[in-house]
Amino acid sequence: MNRKNLLAPNNNYLQMKNSIKKWQNSSLYSGILLLVMAGCVSSCKKYLDVVPDNVSTIDNVFKLRVEAEKYLFTCYSYLPKNGDGWYNAALTAADEIWYPQNDQTHWHPAFRIALGQQTAANPYFNEWQGNLKGNNGTYNYLEIWNAVRNCNILLENIQDMSKVPDITPAERSRWIGEGLFLKAYYHYYMLRMYGPIPIINKNIPVDAELASSYVKRAPVDECVNAISGWLDSAAVLLPERIINQNTELGRVTKPIALAVKARLLVMAASPLFNGNPDYANFKDKDGVALFNPVVDENKWVKARDAAKAAVESAEMNGFFLYKYTNDVYGLSDTTKKQLNIRNAVTQRWGPECVWGLAQSYFVNENLCMPPTERGTNSNHDQLRGVFAPPMKMVKLFYTSNGVPIEEDKTLSFNNYEQLKTATVADRFNIEPGFVTARINFDREPRFYADLGFDGGIWYMKDGNASGSDAGTFYLKAKNSQSAGFGNFQNWSETGYFIKKLVSWESTTRGTSAPVWRQYPWPEVRLADLYLLYAEAENEVTGGSALAISYLDKIRERAGLKGVVASWTDYSNNPSKYTSKAGLRAIIHRERTIEMMFEGQRLWDLKRWKEAADELNKVISGWSILGSTDNSYYKERFIYSQQFIAPRDYFWPIGNYDTRRNPGLVENPGW
Amino acid sequence: MKKTPALKNSVKRLIVPTLLLCLSFNVFSQQNEIVVTGKVSSDSAVLQFATIQLKGDSKRAVNTDQSGNYTLKVPASGTLVFSMVGYEQQEVPINGRSTVNVLMKSANNTLSDVVIVGFGGTQKKASAVSSITTVNVKDLKGPTANLTNTLAGRIPGMISFQRSGEPGLGTDNSAFYIRGLSTFGTGKQDPLILIDGVESSTTDLARLQPDDISDFSVLKDAAAASVYGARGANGVVLVNTRTGKDGPAKFYFRVENRVSTNTKNFRLADNITYMTLANEAALTRSPLAIQPYSQNKIEHTRAGDDPYLYPNNNWIKQLIKKHTVNQSYNMNITGGTSRARYFIAATYNQDNGVLKVDPVNNFNSNIKLKNYSIRTNINLNLTNTTEMIIRMYGQFDDYNGPVGGGTKTFNNALWSNQVMFPAVYPQSKLPYIEHPLFGSAQTVNAGGLTSTLYMNPYAEMVKGYTVYKTSNIQPQIELKQNLNFITPGLNFRTMGYLRRYSYYSVDRSYNPFYYSAVIDPTTMNYSLQALNDGGPTSLGTTGTEYLGYAESGKIVDSRFWLEGSMAYNHTFDKHTVGGSLIAVVSNYETGNAGSVTASLPQRNQTFSGRFTYGYDNRYLAEFDFGYNGTERFAKNKRFGFFPSAGIGYRISNEKFFAPLRKIIDDLKFRATYGLVGNDQIGNINDRFFYLSNVNLNDATFGTSFGRNDGVSTYYRNGVSISRYANDDITWEQSRSLNLGMDLKMFRDFTLTVDVYKQWRSRILQPKSSIESAAGFAAIPSSNYGKAETQGIDLAANYQHSFSKDAWINLRGTFTYATSKVKVTDEIKYQAGIAYLSKVSHSISQAWGLVAERLFIDQKEVANSPVQYGDNTLLGGDIKYKDVSGDGVINDDDMVPLGNPQQPEIIYGFGTSVGFKRFDFSFYFQGSARSSFFINPSNIQPFYLNAGYQNNLLQVIADNHWSEDNRNMYALWPRLSTGRVNPNNVNSSWWMRNGDFLRLKSVDMGYTIPNIKALRLKGTRVYLSATNLFMISSFKLWDVEMGGNGLNYPVQSVYSLGAQLNF
């Protein structure tokens, strides 16, 4: 090695020394940062653990009564909001209420069913999927199957004694009863719409394989048995009546469970479900028949017994037919009779209201009532009056003699369009001196209690300063008149309005916005149970005097004579009530009139298998564009309804679900 | 294990450096050795880290210090090779000199030989194997204040389109997707944007000034993006801003004045036609209908009688200006010393809208968007080997505009009646009133007056204004430590930033007072009647003279990021080795999340690496990985590992290639394959998939009981479940293969081609195949969606200088990206309707009915399948094909229609030429293979919806089905005043071709000779324009807007600007 070679390493050594010094300086910065980074890496797992432990999950619900109660209320919250046209298909899917024909934007999806536009591709008022119903017809929540799932979760947890330790045994059993009732009711609701349905007694697990999660529709009899079994179990656990009315009215009781059971069994005995030949070949994909092929008369016996039990239980717990008493306004008998009828529905928690829906007060009073004469509010956005009963409903009401207009041998309605001037004698029904059509004269009290029309009196507590029924509200409904056609989107398509559903205590007179006296929707009225009992009794014993006695209770309250007297004296078919078929027709019509606009007719027409006749008729009304007596009082064709039987008797389940579940058969015709 | 000699050397050198150096001295000591010193500089600064190497001996190499000086002992007869990234390599013979100073020339296209690979790294383009497009920043300059609008057609591999031209917060941004839309999940679909390493939004990119950008690159394949594993699945856009250069302060100033105008306005029919056809529309559906317009009114309007009694508006003319003028100013200063360098930039842009302003108001309701930004980038050499970079960036938007935005004004122009009221009555009619006398009238429906007033679009536009402000503050610190003293080529780098963003918006507006004219029949004069003065007959909202106030959205969010990387790059003989390891933590929080879970921080943790190896610049290999963690998934699914690998072959460096080298200068083939992840899946409020989400106080499920008379009822909220827990949810994953070729020929021509295929899997999807009877409140989701994309990106460039004074540049790009859904959330469609399945169609494919033609008459309607249950259809309504054959027309008859909604092809081409001091360039941009649908309900004439009544487009007036013109193929079906819903369904009737070719930009400039006295050098004045004209088969509106034709239109802009340097 020469010297150069020896020097080189020295140089190199010096350089290295320098470097190390530099490194010592600069590494200070990077060293700190390296430490920071190392720290991050070591706390790696914690860094990504951003969720605190006490985020709420389903386990938290059944730890304490106060949270579990919310779950019970959740199960209640799915109860159909029948006091709201957006949620009650039966109000507008049949022929009781018609909408302004030109204003499609505000049509309820259910109304499109009345127009014959139902499809399997995207069913209107689709409860199976929870779709196309609700506000504006677009809401997608409160799905019935989800409700059933929640009821099962409630039952599983509340029946587990280790859960909700701070609840009393009595309350626990009541909650179980309520859970069972609600589960039964949701199944009943689906059965009524869809026919045979799957029975969801146990929930499908969240992580189930797709194939094992597919459900099958059970035969009608199985469905009915399961539901009535749950109702029986519920009835023994439920209280007879609500003691603490301030906080619990609206929760289910034994009479309610028995009433629903009566409805269920009457429906199961009715021709649609009982040995319906149209569905004799309706089978699921494994070949199991979904309907019983021959009529089973014994079902009527069961139905009658259930209806009897429901009536007795309701009466025993203090329910009776409502009558307007304690009058302080000096009202005429005519008006009092009307209030008997109106208040039976609109009185909050009235004596007749076996089951009032606490979670669904009637919210469509503004759709029923138009601006009135003598009232100062002419605002069609506040008094919309768009719920229009078609002429066929108007014709259904009895004459003042208590018999159908086509049967009355003393009063002729052949020229029902004929103009007639109201006299002072008519003053509590029609404004004196007003010219209106024959059909609006000489009708039963329920006609005037239920309907508003051109010239018709519309009694309200605030109809004048004193509250008396003299010189009170009446309607002018011709073109450009206060209740007539002319608003952008609010008018009655037929010229008739629904007075029955408007509480007489609502204030509508002033110029400010009306204050509606809303009331819990009377889901079950005692009158309804009487009619069910009469119907079932007649099916068991044709022309039964017992059946007639229950009809007469209702007729008496409506200001009419009994069936026997009325038919004998005024009908051109005086012995009609003596036969099973004759009395059946009388019961059906009585039920239609008494329960009109209460969301029963659609289901009744279906179970009686009368929908194919009734819903294939013409919808008509007055010529609402007319502004004179002569031009207005001409019956005007509005729409020709089409009901395709047997297809339209049941809702389509819809492609959405039948395409998902290979085992789910669609209803025939869809 | 056999080691290559070089590797053996390096190992030895690391262990026994002294001994090795001794050996090398031995080898060269026989020659005449001298010590050469010198300085390396560019025309503006001394250059640090330039490499000086003895030619033929890679071991004899040094770097310049921070003053640009070097010292190297070399043979006196040798040749020195000077090289530095971004500069042309120079070879200088020593010829016995002891001082060799070199002036480096910056490479013609600075970035042609280096690519940015992220996390502060660069790679020589020649040795890159992944698919990275480097964009020439000059190409991104254009007469627009929105950078995203210059991208379309410029970047191979980017699908981009602009749907609206409205200045505002994101409203005029172009949408862009790297290699098209490649996922159909509800999470992130657009690329990750990193500006100086800062995760940024599209609007951040939009506000960036091209003057401030030093490089802009797009990472497209897995190998490039896998180090960004957490977010890289949809590609990465990397932008770096400029850094200072040492030397005296240099000023740059650019000022631009722009005239902006709508590329196209929709054309409305004249009002006589409007009224005539409105009458026709009423009568043609219902012969007894009341005609909305009397003959008397039509005649008076035709005669041009009093415009207040017989209003005759043209809303487009009355609301929209022909053009607007905008300004933008951009300046920067750069300079520094060898120890500290700075780049300071400031920008002010003003974008005005094309809306008119009412002189009666003392406020301006036109759109005025001002944005300011200031940027300082400071580089400090703390020691000889340590560099610290401090960047501060602030960006601020000040917006003023009409309430509801500019698009609403354009919508209103088409959605309001032109003949029922004037915009505003003359103030002289009611001189004592100070507020504007806006016109309106009660709407008329089916012959009857309603209580709703007509919407007056003019009043709506001028009644108030919205103000929004945003601030974005980003301090950033970066530290680079050269660790050459440990081993040459080793570097450590760390960077951290904070980003605080805020936004708020307020509306101030009055409720307009409306008036209508009441005619005195004797004098035929009119007086004004107030419609909404609050009196007994007042209709609608009562007017106010004072401004009301409303607050809208507020956003406050914060992001923190810290990254560190260790990199090693070295060349031993023919072996080039590189590697880097990167660690990142990031945290994002928002101050108005709305729920506990949404408010919890969003976090990522990344550990990633890149390893490259090259042999003789011929054989190249690369391995990358990302190991990424996210807070969203269950503990065992939180981390995803995303590796990728690539190889390259530079065939042009092979010996056998020599004969071809006269023609082909460079030819490289590349291939990469790998995985990238995406954790931004699903809805952001739904990100903790492993937890169930329960609301124990949900009022939707609340119920009350009790008498409710005098005492309130007993109410309890309900319980709702919005998510079932799922521990298995994990990363969405993209696996991709990229094959590329880089070619350089004839010295002037380059071509880059990439073909690729990407398999996207684990796309989060709900399992909606579960039937309803299962009763789930929320449909469970899982990672089962799959999609495939493939395509080709192509870029070609030709650059030639004919002489010192004349040059030409031709360039073009072509992007084709097509996608296919493979597995998606859908049911098994049975035979006969299998066409409903989304599988094997493009992700943006649309389905619709097949429209055959219009019905001839009602008889044909009666004999055809019922369409959507509507039995009121007539001749002249659209007749659809019953594809499913079930005898009814419904959604089951929808087939895939036309091309995808997003274009599959985006291309561009253009030329720049220069002669002496003049330069001129133009660029065309095109889009192909896309379809869009006109939304017929938006333009259906005469339809009255509360106060809105649709206007009449000229094309509909000219070409619709009528009793007199029973054209079964007319543009518009039978007129109607109400909705005819079956006509409005998505169908081939309304489908249009979205293809277009537009002259995207033209630019001409003149560079003024240096003016010594003013210290001006390189001053350039220019004229430029964008969106000059377009070729397209669609004429109603600017086709690039697709179905959103009633939005604020895309703008044509002409600008005059000057760039000054001193």
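Chains as they are written, first to last, in our numbering: chain A, -8 to 661; chain B, 2 to 1063.
Idealized CB from N, CA, C, for every residue including glycine.
Model, not experiment: these values are computed from the prediction.
Could you give the first and the last residue of the continuous beta strand (DSSP E) run that contains residue i?
| i | result |
| --- | --- |
| B:Asp666 | 665 to 679 |
| B:Leu563 | 549 to 573 |
| B:Thr262 | 248 to 263 |
| B:Ala584 | 576 to 591 |
| B:Ser510 | 491 to 510 |
Taking the alpha carbon of residue i as the point to measure from, which residue in the options has its own alpha carbon closest?
| i | options | result |
| --- | --- | --- |
| A:Asp441 | A:Arg500, A:Ala335, A:Val426 | A:Ala335 |
| B:Leu206 | B:Ala599, B:Gly119, B:Thr184, B:Val240 | B:Val240 |
| B:Thr873 | B:Ser287, B:Thr731, B:Ala659 | B:Ser287 |
| A:Lys544 | A:Gly443, A:Ser483, A:Tyr640, A:Asn331 | A:Asn331 |
| B:Lys882 | B:Asn353, B:Thr444, B:Val896, B:Gly354 | B:Val896 |
| B:Gln800 | B:Thr751, B:Phe364, B:Thr673, B:Ile844 | B:Thr751 |
| A:Arg135 | A:Tyr647, A:Gly186, A:Trp119 | The residue asked about is misnamed: residue 135 of chain A is Ile in this sequence, not Arg. It is A:Trp119. |
| A:Asp287 | A:Ala300, A:Leu256, A:Met307, A:Ala305 | A:Leu256 |
| B:Lys322 | B:Leu356, B:Tyr311, B:Lys298, B:Asn810 | B:Leu356 |
| A:Ala250 | A:Ala518, A:Phe388, A:Ile49, A:Arg508 | A:Ala518 |
| A:Ile635 | A:Pro653, A:Lys608, A:Val656 | A:Lys608 |
| B:Val63 | B:Thr277, B:Gly490, B:Thr410, B:Lys768 | B:Gly490 |
Rounded to whole angstroms, how far is the Cβ of residue i from the Cβ of residue j, which I believe are closer than 8 Å?
| i | j | result |
| --- | --- | --- |
| B:Tyr466 | B:Pro403 | 6 Å |
| B:Asn235 | B:Pro168 | B:Asn235 to B:Pro168, Cβ: 27 Å. No contact. |
| B:Thr408 | B:Asn1048 | 5 Å |
| B:Asp213 | B:Arg376 | 6 Å |
| A:Asp445 | A:Tyr623 | 7 Å |
By DSSP's criteria, residue i is part of a beta bridge. Which residues make up the other side?
| i | result |
| --- | --- |
| B:Gln1 | Residue 1 of chain B lies beyond the residue range present for chain B, which begins at 2 and ends at 1063; the question has no answer from this structure. |
| B:Asp728 | Partner(s): none; B:Asp728 has no beta bridge. |
| B:Asn378 | B:Phe344, B:Arg392 |
| A:Pro43 | Answer is none; A:Pro43 lacks a bridge partner. |
| B:Thr242 | B:Ile214 |
| B:Met159 | B:Ile179 |
| B:Pro767 | B:Ser782 |
| B:Phe916 | B:Ala807, B:Phe919 |
Would you kindly report the start and end of the unbroken alpha helix (DSSP H) that includes residue i?
| i | result |
| --- | --- |
| A:Leu616 | That residue, A:Leu616, is in no alpha helix (DSSP H); it is neither H nor E in DSSP. |
| A:Lys597 | 592 to 598 |
| A:Val57 | 56 to 68 |
Taking a Cβ distance cut-off of 7 Å, strictly less, list which residues of the region 221 to 255 of chain A are near chain B, in chain order. The residues in question are Gln236, Asn237, Thr238, Glu239, Leu240, Gly241, Arg242.
Identify each residue in the region 596 to 627 of chain B for which the Cβ-Cβ distance to at least one residue of chain A is less than 7 Å, and report them in chain order. For chain A, the residues of the region 596 to 627 of chain B that bring a beta carbon within less than 7 Å of one of its beta carbons are Val597, Thr598, Leu601, Pro602, Arg604, Gln606, in chain order.
What residues from the region 717 to 728 of chain B come within 9 Å of chain A, judged by C-beta to C-beta, listed N to C? Those residues of the region 717 to 728 of chain B that come within reach of chain A (Cβ to Cβ, closer than 9 Å) are Arg717, Asn718, Gly719, Val720, Ser721, Ile722, Tyr725, Ala726, Asn727.
Short of 8 Å Cβ to Cβ, which residues in the region 205 to 222 of chain A face chain B? Flagged, chain order: Tyr205, Val206.
Identify each residue in the region 631 to 659 of chain B for which the Cβ-Cβ distance to at least one residue of chain A is less than 8 Å, and report them in chain order. Against chain A - using a Cβ distance shorter than 8 Å - the residues of the region 631 to 659 of chain B are Thr631, Glu632, Lys636, Arg639.
Could you name the residues of the region 334 to 351 of chain A whose beta carbon sits closer than 8 Å to any beta carbon of chain B, in the order they occur along the chain? For the region 334 to 351 of chain A, the set of positions with a beta-carbon nearer than 8 Å to some beta-carbon of chain B reads Arg339, Trp340, Ala349, Gln350 in chain order.
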